[in-house]
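To keep things clear, I will list the structure first and then write my remarks on it.
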Amino acid sequence: MNLEEYFARTGYKGSLEKRDLATLTAIFQHHIRAVPFENLSIHCGETITLDLAQVYTKIVKKRRGGWCMENNQLLSWVLKTLGYNTTILGAYVYNPQLNVYATHMTHLIVKVVVEGAAYIVDAGFGVSYQMWQPMELVSGKDQPQTPGIFRFTEDNGIWYYEKIRRKQYIPNQSFSNSDLLEKRERRNIYLFSLEPRKVEDFQFQCSYLQTSPESLFTKKSICTLQTADGFRALIGWTLSETTYNYKEDMDLVEFATLTDEEVEKTLQEKFNISLENKLVPVNIKGIYTI
1 MNLEEYFART GYKGSLEKRD LATLTAIFQH HIRAVPFENL SIHCGETITL DLAQVYTKIV
61 KKRRGGWCME NNQLLSWVLK TLGYNTTILG AYVYNPQLNV YATHMTHLIV KVVVEGAAYI
121 VDAGFGVSYQ MWQPMELVSG KDQPQTPGIF RFTEDNGIWY YEKIRRKQYI PNQSFSNSDL
181 LEKRERRNIY LFSLEPRKVE DFQFQCSYLQ TSPESLFTKK SICTLQTADG FRALIGWTLS
241 ETTYNYKEDM DLVEFATLTD EEVEKTLQEK FNISLENKLV PVNIKGIYTI
């Protein structure tokens, strides 16, 4: 495990001398545009592990992606090695279908203190809820970014994370009512506290999420990657490509349905992923939005 190999993976070639917000932001943005948020291992007969060395091998050497416990753990290691003040936190993800937050801490995020100010860094949520810049840990402040307006709200030590999106233009009207589309303008994403966590605290969740028939991740094969002007997502056999601010206050969302053969080709061409084992795409309807 070494930083040079990691930065070769993400394509970051900037300075590492300063431990400032600009450097943190640049490192973060290179990560989310090079490393997909994906759960394909589950649908390839592979086991997802929390072991950092194995995460490093998967993402850096094999040029794969990962989910939050992989992406954010690796990013936390990079930042800590560079000398940043980092703390792992645990979040509870919002379920829009049930209109409740999860009862289990299933999402790993990172707090980074830079020049006396605290920020949340999360490279492991994907799709349209992926922040593009570190989020300042301030309650009630709108933080506009290219994907939309993000905001934290704090109440009795609990921090709530939400996003306000633009309108959407969907050229392929057969997808206009797709369950993959977010219908609400404002969307809760997750809640968290500032209690420090260890990677080991997520061991149960890591096992549960990749084995339980109730888990989102066993019900859908997911691969998403942020781009220069939006993001692309492959969920089951459905490929979507979103362009942010395509017109004033309007995002362009394009959909296509792929064959099994096209899925593998698309993973290579659109996400730069080559799988070692055969992928079995899955997309059980009604439980995922972009």
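Numbering (full-length UniProt numbering) for the sequence shown: 1 to 290.
Glycine included, every Cβ here is placed at the ideal spot set by N, Cα and C.
Counting only residues of its own chain and dropping the five nearest sequence neighbours on each side, residue 119 has a CB closer than 8 Å to the CB of 21, 24, 111, 112, 113, 134, 135, 136, 137. With respect to the 8 Å criterion, residue 121 and residue 75 are classified as neighbours on the basis of their beta carbons.
Less than 8 Å divides the Cβ of residue 72 from the Cβ of residue 109. The alpha carbon of residue 166 has as its nearest neighbour, out of 230, 58, 264, the alpha carbon of 230. In this structure, residue 241 sits near residue 254, with a CB-CB distance shorter than 8 Å.
Between residue 153 and residue 33, the C-beta gap is not smaller than 8 Å, which leaves the two residues out of contact. Annotation: the continuous alpha helix (DSSP H) that includes residue 53 extends over 52 to 56. Of the candidates 234, 30, 190, 190 places its Cα closest to the Cα of residue 158. Here the alpha carbon of residue 70 sits roughly 10 Å from the alpha carbon of residue 206. In the DSSP assignment, the residues bridged to residue 136 are 119. Contact between residue 58 and residue 45 is ruled out by a C-beta separation of about 15 Å, above the 8 Å threshold.
Check the Cα spacing between residue 143 and each of 164, 225, 41, 248: the tightest is with 164.
The C-alpha of residue 18 is placed about 31 Å away from the C-alpha of residue 271. Here residue 218 is not near residue 283, since their CB atoms are 8 Å or more apart. In its chain, beyond the 5 residues on either side, 68, 91, 93, 190 have a beta carbon closer than 6 Å to the beta carbon of residue 107.
For residue 80, the three-state secondary structure derived from DSSP is helix. For residue 71, the secondary structure class from DSSP, reduced to helix, strand or coil, is helix. When secondary structure is reduced to three states using DSSP, residue 93 falls in the strand class.
In the DSSP assignment, residue 33 falls within the unbroken alpha helix (DSSP H) covering 21 to 34. Between residue 215 and residue 236, the C-beta spacing is not below 8 Å. Taking the Cα of residue 260 as reference, the smallest distance to any Cα among 280, 89, 198, 170 is reached at 280. If only complete runs of 4 or more residues are kept, the segment 204 to 256 shows the alpha helix (DSSP H) at 216 to 219, in order along the chain. Residue pairing by DSSP puts residue 144 in a beta bridge opposite 149.
Residue 252 is not a Cβ neighbour of residue 266, given a cutoff of 8 Å.
About 5 Å separates the beta carbons of residue 50 and residue 199, which is inside the 8 Å limit, making them a contact pair.
Linking residue 146 to residue 29 through their CA atoms gives a straight-line distance of about 12 Å.
Residue state for residue 265 is assigned as helix, using DSSP reduced to three classes.
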